[in-house]
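Enquirer: Would you mind keeping the following structure in view while I ask a few things?
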Amino acid sequence: MRLRILLLTLATAGAIFAQDDVLAHVAAHADRFGEISRQIWENPELGYHETKSSALLQQELRANGFDVKNDLAGMPTAFTATFGSGKPVIALMGEFDALPGLSQKVEPKIDPVTPGAPGHGCGHNLLGSASALAAVAIKEEMQARGLKGTLRYYGTPAEEGGGGKIYMLHAGLFKDVDAVLAWHPGDSNRVNLGSLLANNGGRFRFYGVAAHAAAAPDKGRSALDGAMIMLNAVEFLREHVPQETRIHYIISNGGAAPNVVPAFAEVNLVARNPDAEVLDGIWERIMNCARAGALASGTRMEFVQGTNYSNVLPNDTLSDVLARAMQKAGGYQYTPQEKQFADEIEQTLPGPVRSPGPDKVTTDKSETVGSASSDAGDVSWVVPTAQFIAATFVPGVGAHTWQGAACAGSSIGRKGMVVAARTLALGAVELFEKPEEVAEAHVAFQKRLAGRHWSTRIAADSKPPLDYAVK
Ligand SMILES: [Zn+2]
């Protein structure tokens, strides 16, 4: 407390005072939310099954004076937590789902806590917790300074393929929001005008006729043949699509035994491209490959829609707000033990590591396209949205890896989480202080939209695939 009084005395300029204060609120709650991130990490839950993780965040936000609404848009683990009223409405997003098979201890070598169990390889335990930490700090700053407006935290389930945000968008839960500030765990502290790949995916089911594969193959029509002809055609197609396209798949069912002509086979395929409209054209050609497989094999093909995420529409104004915020927020240093852990993790990575360390903050206007996809992309087509990454992972560590899961449970992860919370808090407070920037963000949003609007293959009246991750 004495230190705080000293700081207040030293703060001569009002602006400095304001800035330092929201960061003081972040600091005051950082340990608590670090502990929450660790609890979520210790109990990794797959998409739409994040019951404990969601409840923990809800409980903490409720205890801090937020009005919590849960079980939204047909998703038991979706929630919103709101503070304040009126305009502007500034939103933060929190994810908390884990990934299958990525169970991992905080160790610099592969060592699952429970072999085959889920783990937080994408750091979503930190994602949800940092946004909640920021929300509490922003709320305290709004109260202390009488800042007008609404602050809302969106607890968004099942980012890893379940598309929780899309169902929240369909339910109109974002319709009054003016700006979204978002982040994702990464291996550096970075704000830019980055995007992510649009994706589309689903299951291609082939139905044939079973027969004895040796005694009566002529009586059979192989569903696996249909799947393989489709995939051969997809492999030829790969040469004739824009090179930044990604097409990846598994044969999720290829029959039961080699001596039975498979009556059923299933291909689970995802395609990606930086541009959702270009992807639409490619997707039609993939559908033709599947139709060709069915035609050639004398089987019937049925398509079941899966994930469909939009690319990210960056927002120039909000990105500037986040860049200023992150420059003030700053990075962090490793302790000697953390440095040793980071060095040992680096030994396990292929190729040279090019990411700067956690003490660096990089902010620029480059329009990079990350190789992943997220339903945050869909939100960015409906509400002005900007996002950034914070260094929760050791340099060179990618998401969806055991190294990512190890970092996400470590003190390095929690330090990166605080960088994220500081950045979000400073950014949101700036927007509440300067509503004219919110208006500018809307103009920038319209400019990027250029007359287009959000579209998705996920039907507005469809139900969230609550069991997609445990099928
Ligand atoms: Zn993620």
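First residue of the sequence shown: 980, per our numbering; consecutive thereafter.
Glycine included, every Cβ here is placed at the ideal spot set by N, Cα and C.
Note that the coordinates shown come from a computational prediction; the quantities given were computed from them, not determined experimentally.
Taking 7 Å as the threshold (C-beta atoms), are residue 1012 and residue 1108 in contact?
Expert: Here residue 1108 corresponds to residue number 129 of the sequence shown, with the count starting at 1. Here residue 1012 corresponds to residue number 33 of the sequence shown, with the count starting at 1. A contact, by the Cβ cut-off of 7 Å.
Enquirer: State the DSSP-derived secondary structure class of residue 1243, mapped to helix, strand or coil.
Expert: Within the sequence shown, the letter at position 264 stands for residue 1243. Of the three classes helix, strand and coil, the one that applies to residue 1243 here is strand, per DSSP.
Enquirer: Are three or more beta carbon pairs between the segment 1077-1093 and the segment 1058-1067 nearer than 8 Å?
Expert: no
Enquirer: Give every residue of the same chain whose Cβ lies closer than 8 Å to the Cβ of residue 1372, excluding the five residues on either side of it in the sequence, and list them in chain order.
Expert: Numbered from 1 along the sequence shown, position 393 holds the residue referred to as residue 1372. Excluding residues within five positions, the ones whose Cβ falls inside 8 Å are 1102, 1164, 1165, 1166, 1378, 1382, 1383, 1386, 1387, 1391, 1392, 1395.
Enquirer: Please confirm if the segment 1402-1412 is in contact with the segment 1006-1025, defined as three or more CB-CB distances below 8 Å between the two stretches.
Expert: Not touching, per the Cβ criterion.
Enquirer: If we ignore side chains and look at the alpha-carbon of each, how far apart do residue 1358 and residue 1020 end up?
Expert: For the purposes of this step, residue 1358 is identified with residue 379 of the sequence shown, where counting begins at 1. For the purposes of this step, residue 1020 is identified with residue 41 of the sequence shown, where counting begins at 1. Roughly 26 Å separates the two Cα atoms.
Enquirer: Using DSSP with H/G/I as helix, E/B as strand and the rest coil, what is residue 1103?
Expert: For the purposes of this step, residue 1103 is taken as residue 124 along the sequence shown, with counting starting at 1. DSSP places residue 1103 in helix when its eight states are reduced to three.
Enquirer: With 16 other CB atoms within 10 Å as the buried threshold, where does residue 1191 fall?
Expert: To locate residue 1191, count along the sequence shown from 1; it is residue 212. Classification of residue 1191: exposed, given that the 10 Å Cβ count is below 16.
Enquirer: When DSSP builds the beta bridges, which residues end up paired with residue 1013?
Expert: As a first step, residue 1013 must be located in the sequence shown, where it is residue number 34. None; residue 1013 has no bridge partner.
Enquirer: Measure the Cβ-Cβ separation of residue 1147 and residue 1052 and say whether it is below 7 Å.
Expert: By one-based count along the sequence shown, residue 1147 stands at place 168. By one-based count along the sequence shown, residue 1052 stands at place 73. Cβ atoms of residue 1147 and residue 1052: closer than 7 Å.
Enquirer: One question on the structure: do residue 1275 and residue 1185 come within less than 7 Å of each other, judged by their Cβ atoms?
Expert: In the sequence shown, the residue the question calls residue 1275 occupies position 296. In the sequence shown, the residue the question calls residue 1185 occupies position 206. When the beta-carbon positions are compared, residue 1275 and residue 1185 stay at least 7 Å from each other.
Enquirer: Taking DSSP as the reference, what is the three-state secondary structure of residue 1285?
Expert: As a first step, residue 1285 must be located in the sequence shown, where it is residue number 306. Residue state, collapsed to three classes: strand.
Enquirer: Considering residue 1370, what are the terminal residues of the beta strand (DSSP E) in which it resides?
Expert: For this step, residue 1370 is matched to residue 391 along the sequence shown. 1364-1370 is the extent of the beta strand (DSSP E) around residue 1370.
Enquirer: Determine the burial state of residue 1291: buried for a count of at least 16 other Cβ atoms within 10 Å of its Cβ, exposed for fewer.
Expert: Residue 1291 sits at position 312 when you count from the first residue of the sequence shown. The residue is buried, with at least 16 neighbouring Cβ atoms inside 10 Å.
Enquirer: Nearest-angstrom Cα distance between residue 1444 and residue 1270?
Expert: Residue 1444 sits at position 465 when you count from the first residue of the sequence shown. Residue 1270 sits at position 291 when you count from the first residue of the sequence shown. Our two residues, residue 1444 and residue 1270, have alpha carbons roughly 25 Å apart in a direct line.
Enquirer: CA-CA distance, residue 1093 and residue 1376?
Expert: In the sequence shown, the residue the question calls residue 1093 occupies position 114. In the sequence shown, the residue the question calls residue 1376 occupies position 397. Taking the straight line joining both Cα atoms gives about 22 Å.
Enquirer: Just the C-alpha distance for residue 1233 and residue 1046, rounded to the nearest angstrom, thanks.
Expert: Against the sequence shown, residue 1233 aligns to sequence position 254. Against the sequence shown, residue 1046 aligns to sequence position 67. Distance between the alpha carbons of residue 1233 and residue 1046: 49 Å.
Enquirer: Within 10 angstroms of the Cβ of residue 1401, are there 16 or more other Cβ atoms? Answer buried if so, exposed if not.
Expert: For the purposes of this step, residue 1401 is taken as the residue at position 422 of the sequence shown. It counts as buried.
Enquirer: From what residue to what residue does the alpha helix (DSSP H) around residue 1400 run?
Expert: As a first step, residue 1400 must be located in the sequence shown, where it is residue number 421. Looking at the DSSP string, the run of the alpha helix (DSSP H) that includes residue 1400 is 1390-1412.
Enquirer: Could you round the C-beta distance between residue 1139 and residue 1026 to whole angstroms and report it? I think they count as a contact, below 8 Å.
Expert: The residue labelled residue 1139 in the question sits at position 160 within the sequence shown. The residue labelled residue 1026 in the question sits at position 47 within the sequence shown. 5 Å between Cβ atoms; contact.
Enquirer: Name the residue from 1054, 1113, 1071 whose alpha carbon lies nearest to the alpha carbon of residue 1000.
Expert: Locating residue 1000 in the sequence shown gives position 21, counting from the first residue. Minimum Cα distance to residue 1000 is reached at 1113.
Enquirer: Measuring only from the beta carbon, is residue 1101 closer than 6 Å to any heavy atom that is part of ligand 1?
Expert: Residue numbering aside, residue 1101 sits at position 122 when the sequence shown is read from its first letter. It does: the Cβ of residue 1101 is within 6 Å (strictly closer) of some heavy atom of ligand 1.
Enquirer: Starting from residue 1062 and walking both ways along the beta strand (DSSP E), at which residues does that stretch end?
Expert: Numbered from its first residue, the sequence shown carries residue 1062 at position 83. Judged by DSSP secondary structure, residue 1062 falls within the beta strand (DSSP E) whose first and last residues are 1054-1064.
Enquirer: Can you tell me whether residue 1451 is buried or exposed, with buried defined as 16 or more other CB within 10 angstroms of its CB?
Expert: With the chain covering only 980 through 1450, there is no way to say anything about residue 1451.
Enquirer: For a test of the three-state rule: what should DSSP assign to residue 1329, helix, strand or coil?
Expert: Your numbering for residue 1329 matches position 350 in the sequence shown. Here residue 1329 sits in coil by DSSP.
Enquirer: Does the count of Cβ pairs from the segment 1200-1220 and the segment 1241-1255 closer than 8 Å reach three?
Expert: yes
Enquirer: Return the Cβ separation of residue 1398 and residue 1168 in integer angstroms, given the expectation that the two are a contact with Cβ distance under 8 Å.
Expert: Here the question's residue 1398 lines up with position 419 in the sequence shown. Here the question's residue 1168 lines up with position 189 in the sequence shown. Yes, residue 1398 and residue 1168 are in contact; Cβ-Cβ is about 6 Å, under 8 Å.
Enquirer: Rounded to whole angstroms, what is the Cα-Cα separation between residue 1348 and residue 1364?
Expert: The residue labelled residue 1348 in the question sits at position 369 within the sequence shown. The residue labelled residue 1364 in the question sits at position 385 within the sequence shown. In a straight line, the C-alpha of residue 1348 is about 16 Å away from that of residue 1364.
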